[in-house]
Each structure stands twice: as structure tokens, then as C-alpha cells.
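Below you'll find the structure, written out as C-alpha cells, and then a few comments.
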Amino acid sequence: MLFGNPEVSGVALSPDGSQIVFLAPHRGVLNLWVQALEEGSKPRLLTNSTNRPTRPASWSIDGRYLITSRDSYGDENTVLIRINPTTGEEIDLTPGKGVKAAIWGDDQDVPDELIIGLNDRDPRYHDLWVLNLETGERRLLYEANDGHSVSVDWIDGSWQLVLRTRIKPDGGNAYDLRLPGQKGWKPFLSFSFEESQAGSTPLGFDRNATWLYGLLIKDGLPRLVRWRTEDLHSCTDDCPNELVYQSKSGALGVELSDPETDAPQILIETDLRSRKIIIDQELLNDLSALKQLAKDREFYIVDDDLDSMIWLVSLYSDTHSPQYWIWNRNQKKGRKLFSINPLLDKYKLSAMESLELRARDGLRLPSYLTRSTLNQSGPQPFVLLVHGGPQARDYWGLNSIHQLLANRGYHVLSVNYRGSTGFGQSHLLAGEGQWYAAMQDDLVDAVQWAVDEGIADPKKIVIMGGSYGGYAALAGLTRDPEVFAAAVDIVGPSNVETLLESIPPYWEPIRKPWERMVGVGRVDLEAISPLTYANRIQSPLLIVHGANDVRVKLSESESIVAAMHANDLPVDFIVFPDEGHGIEDPRNSLALYAVIEEFLAKQLGGRFEPIGGAIKDSSMQWQSKSATGSIGNK
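The structure is reproduced here in C-alpha cells:
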């Protein structure tokens, strides 16, 4: 229910507001469906994938086509697929092996064109092409010989390069500007490493090229500003800007833009929870009505038609399945389309508490706690769930892993440790060079808080996570073995040096800032690698990896498993041969969490469902079992 196929997901509204495309199961596999929004209309199957879930699709600007992407079992070499929403005919727009295609932009003035990036010439860099959606023909717009990335806008009847990003020696970003009608680049903005990491960046011109919008960091928090284009012609490197909004939180984004000018209308700022900032007061009545409709839930405008009179809205909370609604601004009326997983609404789910913890040095640690309702009194078995990135974050809302673990008898805590994004510049930069050090201290401090508060049983604490969270799980067993009774590592690196040596080639342009955050040149990479201390692992460990992972290679898990075997240490190790950096196929997800919940039950004493046919229907392969008669055996 939590990890199988959703009933509906990935919904997108057509540009004319008359129909939607979405993902839903067909014969057990997620496929694309289309449905008119007229009352009584039935969904119509569009794709017929039988072995791999289809990815969400977006509409072309004129609604004639759908665009989706596909890779080869998680290798992240994506191709772009054009689908006819009437016939279901599929055309590969970017054929070729070993190439990663990406959509760069489009514009309603040229609905048959798409700007795409391709790294077929040099795997490190994405050249930009103008792709004709009708014919599939493309023409070169920008060749990225120097590795600088550029942004493109449709201005005065042509595609124009408008901004160029350069990585400076300190890892910060410098931006060059090419104004409409000009051919040369001029220096525009230059940000330090600290400012760049915190999110200072130009965003782009509005549709009339009257204003250039951007995010700047002030006092550690983002603010939305804009520059008048006519002023940019005369100023040099200190162009005056106009404040649109100063955020009170560490994350600021645009939720809705004006359909004619592309100027921001609604902003969303997020800390532990999110709140909307209304720039265009004409939308106030619509938002007030939606707030009443949502009741005790939050809402987010997912999509809108070209006139922005029809909105696709998601209603969500921490204890209910998200719902999709259509909001008609002319009629001031909402209509529910469907719930992502209506079966969940038959159950009483556990609430997610928003907390502010403190690290040993006083740093604020925004966190989320979900308590199990099975046992009400005394300290309980406890799972510390660590997010990946590490420059990412956890959010409030319905979390499938939290709900599963709470249902099985465990309290669950997610911590936005230092180095996480979304909580201001100082919080992010406090993680610089702190792998295996203060970033791990934050996790241990959060666990100690839970113990001190009588929430966690100090003898029954498991650390679990994916990607960097998997690294943190390995660090937990090697650095703080007395704290954790077991660990679950999902696609986590064990050797920081080999991790950095094996990044995908198209990550090369961002290598410098990434390595600086890790601490390359200032910290001993061997000393912050859990592999170095594999002989210290004394507690049960479950390791999970996708064979086609290009970010954290399978060898990262194989190496630490081999080191444990060399030291006669038991380990459970499973591999999915058709997955990459994460488990995408719901059939594999079911198998994975069936194994995880049995592993946790054996360590913490919680309940679990017998694995049954969950593994049989997946691609999962056991590479190592800790003992005969362990997980998956009766």
C-alpha cells in the first residue's frame, strides 16, 4: 500500500485546460493515461509498458504532444520521447546510446520548438539544440566547449543566449549577461562560494524582457529581486536592483507566474513548514477559497493552463493521501479528481511532529518525528532516517517510510543536519568539510535528545538512509558503534576518494564546489571513509544497491562487503540488477521494504509481514546473507 503502485501520480494539465495526463497502473506496471476534464469522461490508456514503469509526461506548449523521458534501467542516460496523446504513437527524439538528454526550455510563441541539451559530442558538457517537435530535426544553438552553462530565452522573435555561468577558482559562480540585440557577453554578477552555495543566482528575464529576476542572499536568507533591462545596458558590475520580497525562511521559490509576463505571482517560502507569499493581490480571493476547500490540509498549485484560469491543485497533509483537484477561477469552484492512494485514508496514520533540536555547539537542527501508536508508554525502538544529498533536506508531509516504520512499532526521526539546504546560508555552510565529523555529530546529538526525552530505547536504535544517508548509516556503525544497534545502507558510498573519482562525466562542471563542500584538500579522505574502519562494525548491517548506479557505483557497496567478509563479519547485501541510484520500480520497492521490515524486526523486535511473494515479483538478488535462516527464510 505504501510502496506499491499509487492509484494515480504525476498529473499534468494540458495547456488549454481541457484534459490531463497521469500515471496509473496497467497490468501491474505504471503507464501513461489521458482523460478529458468533462464530467463523466473516462481515462484512456496511452502507453503499454510491461516491464518498467513509465515516467511522468509534460505537454508541449500547444498540447499536440506529450514529452517523457526514459533511461536504461537506472543508468541516467535519458532519451526524450514524443507521444501523440490521441494515438499513443511514440517517437524517440534523441536516439543514441550513452547520451543524457535534458529539456532546457520552450516558449508559447514557438510551440513546435524545444530547447534541449545533449552531451553526445563531449560527455562532460551539454550542447544546446533547437529541436523541432514535428519533424525531429534539430539545429545547434550553443556548443559548450568551455563547459560554461547558459540559459536561453525567446526574445524579439528568436532564441537568444542571455546568461552564462562560470565556476570561479574559489568554487563560486560568476554570471555574464548578453542583453537582447547584443552579441557579446558582459560581466554581470559575481558571487563567492558561500553566496553561490546558499542560492544567489539570476533566474531569467520575463517574457517581455523588461525585467531580469534573481535571488540574492542577504543576512543568510534569500530575497527575490529584479533588474530593469534598460538599466542593464548602462551599468557594469554593480547594477541597482529592486526588492520584490525578502524571505524570512531559508528557502524561497516561485509557485505561480503570470501567464502573459512570466512575472512571479505567488512565492512559497519553506522552513519546517511552508507558507505562501502573494505578490499579485488579484489572486487573493482564489487562494482564500482554496484554503477553505483544503480545510486542515495544505495545498500547492501544481500546474495551470496557458491563461491561468484553470489550476491543477494538490491537497496534502502528513496523515492523508494527497489529492488532485481542479480549480476553475472563473467559476470559483473546485472539483476533486482523485486521491493518489485512497486506501490509505481508511487507516489512522501517525502525525509528523515538527521539532527544533539543538546540536552540541548550539546549531539549530530542524527535525521531524513520527511516533508509533502501538506502544504508548516508555522508550520505544527507534529509527533515525537520514536524508541523502547531503545538500538536500527533509520536508513535512506524508512520508511512506515514516508511516511504515511507525506502523511496525518504531518511533522515526528525520534530522536536517548541518549541510542540509533550505535553512539559510549559515546552516548549509556549517557542513563544509564535516563529513564523518560535525555532520555525524548532529545525528548522534539528535539520538541523544530522543533518549533523554524518554522517546528512544538506547539499546534499540537503528540508523538508516539512502545515498549520503547510506554513508551516514555506515559512519554510524564505524564511528559510533555504541550508539546504533543496526544500520540500513541504501546506495551509500563507503569510500569518499573513489566516490569523487567516479562521478558521471557531466558532473565535471560542478566538481569544484562539490569537492569544496566535502573538504577536498583540507581533510583526509581516507579518514572520513567508513571503508577504512570496516573492522569496527559489530552490529547487523543491511546494504542495498542498484547495479546501474552512476552516482555511487556498485563497487562502493561491494568494497565494504568484501572488507567485512575479510574480517569474518556478517552482512546482508542485496542488489537490484535493473536499478540505479535509488529503487524506481514499485515491484522492487515492495521487495526492498519487505526485507527492511524483517531486518528491523529481528534487531528491534517490531512486527513485520511475511515476505511472501514480494521478492518473487522483483529483480532482487541476494549477494550476501549474514547467517543461514536469516532474512527471507522461515
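Sequential numbering from 2 applies to the sequence shown in the working numbering.
Where a beta carbon is used, it is the ideal one built from N, C-alpha and C, also for glycine.
Model, not experiment: these values are computed from the prediction.
Going by C-alpha distance, which of V30, W328 and T230 is nearest N589? As a working note, residue 589 is residue 588 in the sequence shown. The candidate whose alpha carbon is nearest that of N589 is V30.
Considering Cα atoms alone, identify which of T422, E114, T211 and R330 is closest to E231. Here the question's residue 231 lines up with position 230 in the sequence shown. Among T422, E114, T211 and R330, the Cα nearest to that of E231 belongs to T211.
In the DSSP assignment, what are the bridge partners of T202? Within the sequence shown, numbered from 1, the residue matching residue 202 stands at position 201. For T202, which the question treats as bridged, DSSP gives the partners L216.
Whose C-alpha, out of R179, K101 and T95, is nearest the C-alpha of E138? Translated into positions along the sequence shown, residue 138 becomes position 137. For E138, the nearest C-alpha among the options comes from T95.
Could you tell me if R409 is buried or exposed, where buried requires 16 or more neighbouring beta carbons within 10 angstroms of its beta carbon? Here residue 409 refers to the residue found at position 408 when the sequence shown is read from its first residue. R409 should be labelled buried.
Is it true that the CB of D263 sits closer than 8 Å to the CB of R208? Within the sequence shown, the letter at position 207 stands for residue 208. Within the sequence shown, the letter at position 262 stands for residue 263. For R208 and D263, yes; Cβs fall inside 8 Å.
Give the DSSP-derived three-state secondary structure of P382 in the structure shown. Residue numbering aside, residue 382 sits at position 381 when the sequence shown is read from its first letter. Reduced to three states, the DSSP call for P382 is strand.
Per DSSP, what are the beta-bridge partners of H412 in this structure? Here residue 412 is taken as the residue at index 411 of the sequence shown, counted from 1. The partner list for H412 (beta bridge, DSSP) reads F383.
For the beta strand (DSSP E) containing Q161, name the first residue and the last one. Here residue 161 refers to the residue found at position 160 of the sequence shown. S159 to I168 is the extent of the beta strand (DSSP E) around Q161.
P323: buried (16+ other C-beta within 10 angstroms of its C-beta) or exposed? Within the sequence shown, numbered from 1, the residue matching residue 323 stands at position 322. Classification for P323: buried.
Could you tell me which uninterrupted beta strand (DSSP E) segments, each at least 3 residues in length, are contained entirely in the stretch 386-453, listed from first to last along the chain? 412-416
Y437 to R419, Cα distance in whole Å? Position 436 of the sequence shown, counted from the first residue, corresponds to residue 437. Position 418 of the sequence shown, counted from the first residue, corresponds to residue 419. Cα to Cα, Y437 sits roughly 12 Å from R419.
Per DSSP, what kind of secondary structure is M465 in: helix, strand or coil? What you label residue 465 is simply residue 464 of the sequence shown in a count that begins at 1. Three-state result, M465: strand.
Cβ contact (3+ pairs, closer than 8 Å) linking the stretch 354-374 and the stretch 326-341: no
Local Cβ density within 10 Å of T136, reported as buried at 16 or more and exposed below that: Reading the sequence shown from its first residue, position 135 is the one you call residue 136. Exposed is the call here.
Buried or exposed: S318, going by 16 or more other Cβ atoms within 10 Å of its Cβ? Here residue 318 refers to the residue found at position 317 when the sequence shown is read from its first residue. Flag for S318 reads buried.
Reduced DSSP category for A592 - H, G, I as helix; E, B as strand; rest coil: Position 591 of the sequence shown, counted from the start, is the residue given in the question as residue 592. Helix, per DSSP.
Could you name the residues that DSSP lists as bridge partners for S61? Against the sequence shown, residue 61 aligns to sequence position 60. In the DSSP output, where bridge partners are listed per residue, S61 has none listed.
Could you check whether I561 and P531 sit closer than 8 Å to each other, using their CB atoms as the reference points? Residue mapping note: residue 531 aligns to position 530 of the sequence shown, counting from 1. Residue mapping note: residue 561 aligns to position 560 of the sequence shown, counting from 1. Yes. Within cutoff.
Proximity to Q381 [Cα-Cα], best of P505, P459 and A352: Taking the sequence shown and counting its residues from 1, the one referred to as residue 381 is at position 380. The shortest C-alpha separation from Q381 is found at P459.
Can you give me the start and stop residues for the beta strand (DSSP E) that S42 sits inside? Numbered from 1 along the sequence shown, position 41 holds the residue referred to as residue 42. Careful: S42 lies outside any beta strand (DSSP E) and carries neither H nor E.
So, at 6 Å on beta carbons, what are the nonlocal neighbours of L500 in its own chain, with the 5 sequence-adjacent residues on each side left out? As a position in the sequence shown, residue 500 is number 499, starting the count at 1. Excluding sequence neighbours, L500 sits near P494.
State buried or exposed for Y348, treating a residue as buried only when at least 16 other CB atoms are found within 10 Å of its CB. In the sequence shown, the residue the question calls residue 348 occupies position 347. Exposed: under 16 other Cβ atoms inside 10 Å.
Go ahead and pull the three-state DSSP assignment for V497. Residue mapping note: residue 497 aligns to position 496 of the sequence shown, counting from 1. Three-state DSSP puts V497 in a helix.
Cut-off 7 Å between Cβ atoms - residues of its own chain near S309, not counting five sequence neighbours on either side: In the sequence shown, counting from the first residue as 1, residue 309 sits at position 308. Excluding sequence neighbours, S309 sits near P260.
Need the endpoints of the alpha helix (DSSP H) that T230 sits in, please. Within the sequence shown, numbered from 1, the residue matching residue 230 stands at position 229. From DSSP, the alpha helix (DSSP H) with T230 extends over T230 to L233.
Since I believe D481 is in contact with R361 (beta carbons under 8 Å), could you give me their beta-carbon distance rounded to a whole number of angstroms? Here residue 361 is taken as the residue at index 360 of the sequence shown, counted from 1. Here residue 481 is taken as the residue at index 480 of the sequence shown, counted from 1. Actually they are not in contact, since the Cβ atoms of R361 and D481 sit about 13 Å apart, beyond 8 Å.
Taking a contact to mean a Cβ-Cβ separation below 8 Å, would you say F194 touches Y176 in this structure? For the purposes of this step, residue 194 is taken as residue 193 along the sequence shown, with counting starting at 1. For the purposes of this step, residue 176 is taken as residue 175 along the sequence shown, with counting starting at 1. Their beta carbons are not under 8 Å apart, which means F194 does not touch Y176 by this criterion.
Closest by C-alpha distance to P506, when choosing among L119, D108, N32 and G89: Here residue 506 is taken as the residue at index 505 of the sequence shown, counted from 1. Of L119, D108, N32 and G89, the residue nearest in Cα terms is L119.
Which of the three DSSP states, helix, strand or coil, is assigned to Y66? Within the sequence shown, the letter at position 65 stands for residue 66. If DSSP states are grouped into helix, strand and coil, Y66 belongs with coil.
Residue interval of the beta strand (DSSP E) (run including P26): Taking the sequence shown and counting its residues from 1, one reaches residue 26 at position 25. Looking at the DSSP string, the run of the beta strand (DSSP E) that includes P26 is Q20 to H27.
Between which two residues does the alpha helix (DSSP H) carrying P188 extend? Position 187 of the sequence shown, counted from the start, is the residue given in the question as residue 188. No alpha helix (DSSP H) contains P188, which is instead part of the beta strand (DSSP E) from K187 to S191.
Quick check: what's the CA-CA separation for S10 versus T237? In the sequence shown, counting from the first residue as 1, residue 10 sits at position 9. In the sequence shown, counting from the first residue as 1, residue 237 sits at position 236. Going from the Cα of S10 to the Cα of T237 covers about 47 Å.
As an exercise, report each continuous beta strand (DSSP E) stretch of at least 3 residues that is fully enclosed by the stretch 268-301, in chain order. 275-279
For G335, the nearest candidate out of W450, G613 and V314 (CA to CA): Position 334 of the sequence shown, counted from the start, is the residue given in the question as residue 335. Here the closest residue by C-alpha is V314.
Less than 8 Å between the CB atoms is what I'm expecting for H27 and N52, so what's the real figure, rounded? The residue labelled residue 27 in the question sits at position 26 within the sequence shown. The residue labelled residue 52 in the question sits at position 51 within the sequence shown. Not a contact, Cβ separation roughly 12 Å.
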